[in-house]
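Structure record follows, encoded as structure tokens.
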Amino acid sequence: MHACTPHPPPRRTPAELWLRLQSQGETVYTCMHVCGKVCVRECMYPQRPGALEPLELELQVDESLLEEMTMSLGPLLLVFMLGLISIPPTLSQNDPRYITFLNQHYDAHPTGRDDRYCNSIMRRRKLTSPCKELNTFIHGTKDNIKAICETSGTPYTNNLRKSTSQFQITICRHSGGSPRPPCRYRASRGFRYIVIACENGLPVHLDESFFSS
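Everything in the sequence shown is counted per the UniProt record's numbering, starting at 1 for the first residue and increasing by one.
Here you go:
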């Protein structure tokens, strides 16, 4: 394969397959030129008005050549198309909701798990302005928690998912008094099933009301 000189997409010819893709706000045009039955050439073109929605593809191919292209370039074309379609959403691990979930509810290596632990971690996680009345920390791996969104969880009410196994948790409860810092907490420990909301395969909310049910 070799690159073409970028220029605005020309009128299609019977031997061209055109793809239009927008990813992370930038639209590019990709052409595949058929040279006989074995040669394929790719071109990438810059953005122009009329962009499609993210990850939407527009295919333009002369029907008279569709059968020939399928026979001669089928495997190569399939790999090329799957590569474009399988581009993951930009959401994923950088989703702010997932990051917030980890900050509020994830602590893989707790120390003590007593009142001092709660006072310290609630302050470090910036959950004390004002004093949060109740907060639960899950002590497990990120992968195990994410797995609840897939095979290690079962459907629960309101589109939530319940874990199929118990997790070690610490619940920090505000001991009362002023909602302004310094905040004082009481810790309770145990192993419990957890209920979470998932988005794009990632946990984004912990249903703490489940622990009092």
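All residues carry an ideal CB built from backbone N, CA and C; glycine is no exception. Values in this document were obtained by computation on a predicted structure and should not be read as measured data.
Assuming residue i and residue j form a contact by the criterion Cβ under 8 Å, report the distance between their Cβ atoms to the nearest whole angstrom.
i           : j           : result
residue 206 : residue 173 : That belief does not hold up - the Cβ atoms of residue 206 and residue 173 are roughly 15 Å apart, past 8 Å.
residue 203 : residue 98  : 7 Å
residue 137 : residue 170 : 5 Å
residue 121 : residue 163 : That pair is no contact at about 22 Å.
residue 185 : residue 95  : So it is not a contact: roughly 28 Å between Cβ atoms.
residue 190 : residue 150 : Not really, about 25 Å apart at Cβ, beyond 8 Å.
For the alpha helix (DSSP H) that residue i lies in, which residues bound it at each end?
i           : result
residue 101 : 96-105
residue 117 : 115-124
residue 145 : 142-146
Considering only the alpha carbon of each residue, which of the options lies closest to residue i?
i           : options            : result
residue 157 : 113, 210, 147, 100 : 210
residue 132 : 212, 165, 93, 176  : 176
residue 111 : 126, 187, 149, 160 : 187
residue 160 : 129, 184, 208      : 208
residue 181 : 192, 151, 124      : 124
residue 126 : 197, 102, 146      : 102
residue 196 : 179, 167, 93, 113  : 167
residue 179 : 119, 93, 128       : 128
residue 212 : 199, 198, 192      : 192
residue 93  : 146, 165, 130, 154 : 146
residue 119 : 130, 148, 183      : 183
So the beta strand (DSSP E) residue i belongs to, where does it begin and stop?
i           : result
residue 135 : 134-139
residue 128 : Element bounds for residue 128: n/a, residue is neither H nor E.
residue 168 : 167-174
residue 163 : 161-163
residue 196 : 195-199
residue 154 : 153-155
residue 187 : 185-192
residue 205 : 202-206
Practice problem: Decide yes or no for the touch test of the stretch 129-145 against the stretch 96-112: beta carbon pairs closer than 8 Å, at least 3 of them. | Solution: Put simply, the stretch 129-145 touches the stretch 96-112. At least three CB pairs are less than 8 Å apart.
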